[in-house]
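Taken in order, these protein sequences are the chains called A and B. Everything in the first sequence is counted per the numbering used here, starting at 1 for the first residue and increasing by one. Everything in the second sequence is counted per the numbering used here, starting at 716 for the first residue and increasing by one. Heads up, the beta-carbon is just placed ideally off N, CA and C, and yes, glycines get one too. These figures come from a predicted structure and were not determined experimentally. Worksheet: one structure, shown below.
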Amino acid sequence: MGEGQGIDSSDVRSSGYIQITYDDTIVRYFVLATLFWATIAFLVGLFVALQMSVWQLNFNISWLTFGRLRPLHTNAALLAFAGNAIFAGIYHSTQRLLKTRLFSDDLSRLHFWGWQFVIVLAFITLPLGFSQGKEYAELEWPIDIGIVSLWIVFAINFFGTLAIRNEKHMYVAIWFYIATIVTVAVLYVVNAISIPISLFKSYTIYAGIQDALIQWWYGHNAVAFFLTTPFLGLMYYYLPKAVNRPIYSYRLSVVHFWSLVFLYIWAGPHHLLNTALPEWLQMLAVIFSIMLWAPSWGGMVNGLLTLRGAWHLLRSDPIVKFLAAAIIFYGMVTFEGPLLSVKSVNSLGHFTDWIVGHVHLGTLGWNGFLTFGIVYYIVPKLWKTELFSIKMANIHFWLGILGILFYYVSMLTAGLTQGLMWRALDTNGRLVYPEFVETVIRIIPLYYFRAFGGGLFISGYALLLYNVYKTIRFSPGVSDETVQVKEASFAIKPTERGHRRLEGMVFAFTILAFVAIAVGSVIEIVPSLSVNKYVQMEKGVDPFSPLEIAGRDIYIREGCYACHSQMIRQGQTETLRYGAVSTIEESLYDRPFQWGSKRTGPDIARLGTKYPDLWHYMHMEDPRSVVTGSIMPAYPWLISSKTDFTRLKEKISLFHKQGVPYTEKELEESNTVAKEQAQEIAERLKAQGVHEDVADKEITALIAYLQALGQKGGQ
Amino acid sequence: MSQPETSDLQDRVIEGYEYDGITEFDNPCPKWLMYIFYFTLLLAIFYLGHHFGRMSSEVKRISVSVKEEEQDRAQDLEEVPVIEEAALVTLLQDPETLAAGKEIYDDKCDLCHGDAAEGLIGPNLIDDWWLHGKGTISDIAHTIRYGVAEKGMASWEGRIPEECIFQVAAYIKSLKGTSSDNPKEPEGELVEE
């Protein structure tokens with residue numbers, strides 16, 4: 001990142017003015033893409049929310065089931081909605097903060113169209129069941145490569161823009177953008193490393209606890225560096241612009257930026273509290289999550305105090321309403337996060353809808369409202385007109401607030417209710433609600449409330465769409481903004497010390513930001529790479545048989561992990577309900593790990609041999625035939641589709657190369673071994689009354705896997 | 716760009732740094748926020764010490780409680796009342812018992828054994844053939860209570876209240892000899908009474 005760009009560093013030429021035309025066209029593109037994908041992300045969310053109350057809503061169609069649409073919803077919200085919003089905001093504000101046009105029009109266009117293309121690929125592949133089986137990282141390897149390439153394009157374009165800037169110092173928003181770009185690249189690449197088996201199937205290189213740790217280091221920090229830091233950067237630009245007030249405290253900006261970036265990265269394992277994860281990692285996650293409270297609130301405080309003297313705008317200006325509410329939601333979420341990271345609170349809230357409520361408070365309240373505020377601010381500017389209707393924007397605001405409150409309160413209540421029911425014991429020390437389904441049926445009314453809240457939020461959003469549409473229609477025509485800017489002097493003034501000096505040094509700043517996020521990452525991840533330290537091999541773990549691996553791939557394809565955990569946590573009630581606490585050894589060979597993060601259905605870590613094969617057969621065909629009141633989808637296509645044995649041998653030999661102890665026979669004759677096991681199960685099913693021969697059907701492979709859960713030793 | 720109003724506040728704008736019209740005040744970090752930060756630092760240290768100090772005793776406590784749990788269970792097993800079959804048979808005459816048993820059967824058992832106990836996933840319970848025991852009420856109650864893990868029959872101990880186990884068993888016994896359109900073929904040994 002050249003600092004001078006050939007500009008004479010003596011002050012002579014800096015008195016000259018140059019004319020700059022900002023690239024607002026690309027910003028308009030990204031704004032429209034944001035609105036388009038947000039519509040889809042919200043509607044898919046509402047649809048899957050309704051499936052929780054009315055299970056029939058998948059119409060027995062494989063690609064409409066919850067397990068396949070849930071990744072679509074999360075990826076759409078993350079990559080498509082938040083992603084496009086970030087790019088729009090960053091491209092719009094960076095040009096103005098640095099007084100320069102974007103580095104390359106071609107890269108901007110490539111970035112835009114490439115990103116939309118990748119999203120379309122995601123929309124096709126996820127419902128079809130192409131999935132790596134890791135939350136928020138489901139996309140298969142070719143799409144991963146696309147995303148990383150485009151992120152690099154974005155990075156070059158952004159840092160190129162920094163290199164040609166006409167403003168020596170980087171404003172706080174730019175710091176947050178830098179941290180975002182660097183960290184997301186590191187997170188995404190490290191977590192996505194996998195070995196392809198075919199065009200749309202790959203296995204992560206990490207196994208069991210390693211995979212769990214890296215996945216949640218990624219998952220947690222995707223929230224931190226995709227949904228928090230870029231949006232804080234946007235807040236630092238759009239809030240003072242909207243209210244025309246100085247930022248409350250420059251010093252607070254400095255302190256909370258660095259503390260946030262440094263502390264955030266450590267907190268990932270708080271998604272794995274009370275599990276088989278080594279204790280020291282859990283403790284680090286807890287204490288760093290607690291320490292994250294104040295640095296997070298630094299952003300909220302700086303935002304809200306910037307509003308001092310402009311509070312009257314809250315009454316009249318919908319933009320300020322949205323921004324202020326977003327900041328308050330951010331404060332709520334970043335208080336609740338540390339709270340949920342305390343082990344005892346976590347043992348109650350984890351795996352329940354409370355977590356779903358928590359994350360939606362963040363995405364709908366913080367990311368959603370901030371984006372809406374920015375859209376109402378930016379659209380009239382970009383299209384050279386006034387907002388069509390202030391009143392409509394105000395109604396949108398109130399519908400959105402009501403929607404979020406309905407959503408959050410119902411999910412919090414559902415989570416607490418179910419969490420307390422799971423752990424309720426009677427005076428004899430027995431579970432009061434031993435049947436899991438009882439605890440599900442109890443909270444279904446709350447799922448209706450949640451869907452209603454989501455509906456309110458979306459109806460408000462529909463008003464935004466109409467408002468924007470009308471605004472654009474009344475636009476007199478668009479043109480990119482042209483300004484006269486003074487050429488900057490990049491000479492270092494002797495009076496400039498400390499952080500001020502750093503703000504003029506892009507390269508040094510970026511390296512420091514990288515170091516800040518690398519410290520926690522390295523300390524937490526590197527020890528787990530030599531996982532042997534934590535594993536007692538004498539416990540003896542057998543790998544899944546070839547047929548069970550085939551079944552496991554079906555389990556991953558259907559997204560079963562979205563509703564079922566495979567991790568019995570520490571605690572008496574967990575053991576009473578599900579059996580002995582899960583160990584590190586038990587998932588030693590699991591690529592990817594399937595510990596899960598939500599129990600819409602029960603934990604199945606020790607499901608094997610609990611029910612006869614026929615029970616599973618009937619349960620998959622129609623869950624309600626064996627569990628009254630179940631809300632699980634039916635999977636009739638598993639009974640008609642044939643198991644894919646074709647690449648089984650390659651899969652087994654890939655695992656073998658990674659150290660999984662398969663026998664010579666399993667390795668050489670994977671297919672034969674698998675088919676023999678399938679034949680046995682099919683015969684048992686026949687003896688129990690299944691009429692068709694299902695030896696070569698997917699249901700048989702899946703039953704083999706389910707019956708093997710918790711049966712491979714390692715306890 | 717109109718000048719931001721600052722007259723009502725004592726804040727001082729930092730001169731010489733202005734980004735697209737945005738300026739910054741030279742305010743310190745709010746004290747109360749810094750106190751929160753220091754508080755969380757102390758809390759973190761305290762939490763660490765507390766946790767690791769307790770860890771060793773925690774492990775002991777858990778293992779003790781597991782042992783107690785096992786003892787409790789063993790006691791429970793002993794406490795299960797041994798009732799003579801002759802006494803149990805009288806339950807068959809009690810319509811309230813049978814109605815209560817039916818209610819539980821229809822809720823929990825019919826999914827695997829069929830609405831008429833004709834057998835489905837689990838065996839037929841209305842014929843004269845029995846897999847586990849000889850089809851007495853106490854045998855049936857035993858199977859309900861402890862399950863048959865290798866066959867996929869769940870243990871209902873703790874999931875059905877103790878007094879209800881005999882009600883279900885009696886209800887099942889009362890069904891013997893009833894007919895069904897679609898009975899599952901006999902399994903186990905023929906028991907003739």
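Q: Check whether the Cβ atoms of A224 of chain A and Y188 of chain A sit closer than 8 angstroms, and answer yes or no.
A: Within the first sequence, the letter at position 224 stands for residue 224 of chain A. Within the first sequence, the letter at position 188 stands for residue 188 of chain A. Their beta carbons are not under 8 angstroms apart, which means A224 of chain A does not touch Y188 of chain A by this criterion.
Q: Starting from the beta carbon of F881 of chain B, find every residue of chain A whose beta carbon is closer than 8 angstroms, and list them in chain order.
A: One-based indexing of the second sequence puts residue 881 of chain B at position 166. Here the premise fails: no neighbours, minimum Cβ distance about 18 angstroms.
Q | Partners in chain A for V728 of chain B, counting only beta-carbon separations shorter than 7 angstroms | A | Translated into positions along the second sequence, residue 728 of chain B becomes position 13. The contacting residues are P246.
Q: Please report how far the alpha carbon of A76 of chain A lies from the alpha carbon of K665 of chain A, in whole angstroms.
A: Position 76 of the first sequence, counted from the first residue, corresponds to residue 76 of chain A. Position 665 of the first sequence, counted from the first residue, corresponds to residue 665 of chain A. Their backbone Cα atoms lie some 44 angstroms apart in a straight line.
Q) Which first and last residues belong to the alpha helix (DSSP H) in which Y578 of chain A is found? A) The residue labelled residue 578 of chain A in the question sits at position 578 within the first sequence. From DSSP, the alpha helix (DSSP H) with Y578 of chain A extends over 572-578.
Q | Residues, ordered as in the chain, of the segment 683-694 of chain A that lie near chain B by beta-carbon distance below 9 angstroms | A | Q688, G689
(Q) I want to see whether chain A comes within less than 8 angstroms of D723 of chain B, judged by CB atoms only; does it? (A) Taking the first residue of the second sequence as 1, we reach residue 723 of chain B at position 8. Reliability of the predicted coordinates at D723 of chain B is poor, the pLDDT of 49 falling under 50, and the value obtained from them is presented with this limitation in mind. Cβ-Cβ to chain A under 8 angstroms: yes for D723 of chain B.
**Q.** Cβ neighbour criterion (16 or more within 10 Å) applied to R473 of chain A
**A.** Position 473 of the first sequence, counting from 1, holds the residue named residue 473 of chain A. Burial check for R473 of chain A: the Cβ neighbour count within 10 Å stays below 16, so the residue is exposed.
Q) Quick check: the segment 526-540 of chain A against the segment 641-653 of chain A, are there 3 or more CB pairs under 8 angstroms? A) no
(Q) Between the alpha carbons of E902 of chain B and G850 of chain B, how many angstroms are there, rounded? (A) As a working note, residue 902 of chain B is residue 187 in the second sequence. As a working note, residue 850 of chain B is residue 135 in the second sequence. Using only the alpha carbons, I get a separation of about 13 angstroms.
Q | Alpha-carbon to alpha-carbon, T204 of chain A and V48 of chain A | A | Start at 1 with the first residue of the first sequence, and residue 48 of chain A comes out as number 48. Start at 1 with the first residue of the first sequence, and residue 204 of chain A comes out as number 204. For V48 of chain A and T204 of chain A, the distance between alpha carbons rounds to 27 angstroms.
Q: Would you please state the rounded distance, in angstroms, between the beta carbons of S641 of chain A and K598 of chain A? I believe it to be under 8 angstroms.
A: What you label residue 641 of chain A is simply residue 641 of the first sequence in a count that begins at 1. What you label residue 598 of chain A is simply residue 598 of the first sequence in a count that begins at 1. About 26 angstroms separates the two Cβ atoms, so there is no contact after all.
Q: Could you tell me whether the Cβ of P719 of chain B comes closer than 8 angstroms to any Cβ of chain A?
A: Sequence index remark: in the second sequence, residue 719 of chain B carries index 4 (1-based). Unreliable placement is indicated for P719 of chain B, whose pLDDT of 49 sits below 50; no coordinate value is reported for it.
Q: Establish whether the CB of E904 of chain B and some CB of chain A are separated by less than 8 angstroms.
A: Here residue 904 of chain B refers to the residue found at position 189 when the second sequence is read from its first residue. Output row for E904 of chain B: interface = no.
Q: Starting from the Cα of G83 of chain A, find the closest Cα among A:T229, A:V190, A:S131 and give me that residue.
A: Along the first sequence, read from residue 1 onward, the residue named residue 83 of chain A stands at position 83. Checking every option, the nearest Cα to that of G83 of chain A belongs to A:T229.
Q. Should the segment 345-358 of chain A be called in touch with the segment 18-32 of chain A, which here means at least 3 C-beta pairs below 8 angstroms?
A. no
Q) Between the segment 189-203 of chain A and the segment 133-142 of chain A, are three or more C-beta pairs nearer than 8 angstroms? A) At 8 angstroms Cβ cutoff, the stretches touch.
(Q) I want to know whether the segment 100-107 of chain A touches the segment 21-30 of chain A - three or more CB-CB distances under 8 angstroms. (A) By the Cβ rule, the segment 100-107 of chain A counts as touching the segment 21-30 of chain A, because three or more pairs are nearer than 8 angstroms.
Q | Rounded distance between the beta-carbons of I119 of chain A and F154 of chain A, thought under 8 angstroms | A | For the purposes of this step, residue 154 of chain A is taken as residue 154 along the first sequence, with counting starting at 1. For the purposes of this step, residue 119 of chain A is taken as residue 119 along the first sequence, with counting starting at 1. Not quite, the Cβ-Cβ distance comes to about 14 angstroms (not below 8 angstroms), so this is no contact.
Q) Is the Cβ of I18 of chain A closer than 8 angstroms to any Cβ of chain B? A) For the purposes of this step, residue 18 of chain A is taken as residue 18 along the first sequence, with counting starting at 1. No, I18 of chain A does not count as interfacial toward chain B.
Q.
Rounding to the nearest angstrom, what Cα-Cα distance links R442 of chain A and Y171 of chain A in this structure?
A. For the purposes of this step, residue 442 of chain A is taken as residue 442 along the first sequence, with counting starting at 1. For the purposes of this step, residue 171 of chain A is taken as residue 171 along the first sequence, with counting starting at 1. Those two C-alpha atoms are separated by around 51 angstroms.
Q) Looking at C-alpha atoms only, which residue of B:L905, B:I880, B:E907 is the closest neighbour of L803 of chain B? A) Start at 1 with the first residue of the second sequence, and residue 803 of chain B comes out as number 88. That would be B:I880, whose Cα lies nearest to the Cα of L803 of chain B.
Q: Taking only beta-carbon positions, decide if V12 of chain A is within less than 8 angstroms of chain B.
A: By 1-based counting over the first sequence, the position of residue 12 of chain A is 12. Only weak support is given to the placement of V12 of chain A: the predicted model assigns it a pLDDT of 40, under 50, and the question is left unresolved by the model.
Q. Between L43 of chain A and the rest of its own chain, which residues show a CB-CB distance below 8 angstroms, the 5 nearest in sequence each way excluded?
A. On the first sequence, residue 43 of chain A is found 43 positions in, with the first residue counted as 1. Excluding positions up to five away in sequence, the list reads I458.
Q) Can a CB atom of chain B be found closer than 8 angstroms to the CB of P612 of chain A? A) Position 612 of the first sequence holds residue 612 of chain A. Closer than 8 angstroms to some Cβ of chain B, the Cβ of P612 of chain A qualifies, so yes.
Q: Give the interface partners of M291 of chain A over in chain B, defined as CB-CB distance under 9 angstroms, in chain order.
A: In the first sequence, the residue the question calls residue 291 of chain A occupies position 291. Chain B residues near M291 of chain A: F752, T755, L756, L758, A759.
(Q) Applying the 10 Å Cβ sphere with the 16-neighbour rule, what's the burial state of K712 of chain A? (A) For the purposes of this step, residue 712 of chain A is taken as the residue at position 712 of the first sequence. When all chains shown are included, K712 of chain A counts as buried.
Q) So, using beta-carbon positions, are Y820 of chain B and Y861 of chain B closer together than 8 angstroms? A) Counting from 1 along the second sequence, the entry for residue 820 of chain B is found at position 105. Counting from 1 along the second sequence, the entry for residue 861 of chain B is found at position 146. Not closer than 8 angstroms, so no.
**Q.** Where the segment 624-642 of chain A meets chain B: residues whose CB sits under 8 angstroms from a CB there
**A.** S625, V626, V627, T628
Q: Could you work out which residue in A:T583, A:Y218, A:L399 is closest to G455 of chain A when comparing CA atoms only?
A: As a working note, residue 455 of chain A is residue 455 in the first sequence. The shortest C-alpha separation from G455 of chain A is found at A:L399.
(Q) In this structure, how does DSSP classify W844 of chain B when only helix, strand and coil are distinguished? (A) Walking along the second sequence from the start, residue 844 of chain B turns up at place 129. In the three-state reduction of the DSSP assignment, W844 of chain B falls in the strand class, which pools E and B.
Q: On the DSSP bridge assignment, give the partners of T482 of chain A in chain order.
A: If you number the first sequence from 1, residue 482 of chain A lands on position 482. Partner(s): A:T21.
(Q) Buried or exposed for V797 of chain B, going by 16 or more other Cβ atoms inside 10 Å? (A) Residue numbering aside, residue 797 of chain B sits at position 82 when the second sequence is read from its first letter. V797 of chain B comes out exposed.
Q) For K598 of chain A, which three-state DSSP category applies? A) Along the first sequence, one-based indexing puts residue 598 of chain A at 598. Correct three-state label for K598 of chain A: strand.
Q. Taking Cβ positions only, does E800 of chain B come closer than 8 angstroms to chain A?
A. For the purposes of this step, residue 800 of chain B is taken as the residue at position 85 of the second sequence. Answer no: the Cβ-Cβ gap between E800 of chain B and chain A never drops below 8 angstroms.
**Q.** 6 angstroms Cβ shell around Y248 of chain A - same chain, five flanking residues per side excluded
**A.** On the first sequence, residue 248 of chain A is found 248 positions in, with the first residue counted as 1. Cβ neighbours of Y248 of chain A beyond the five flanking positions: N302, L305, T306.
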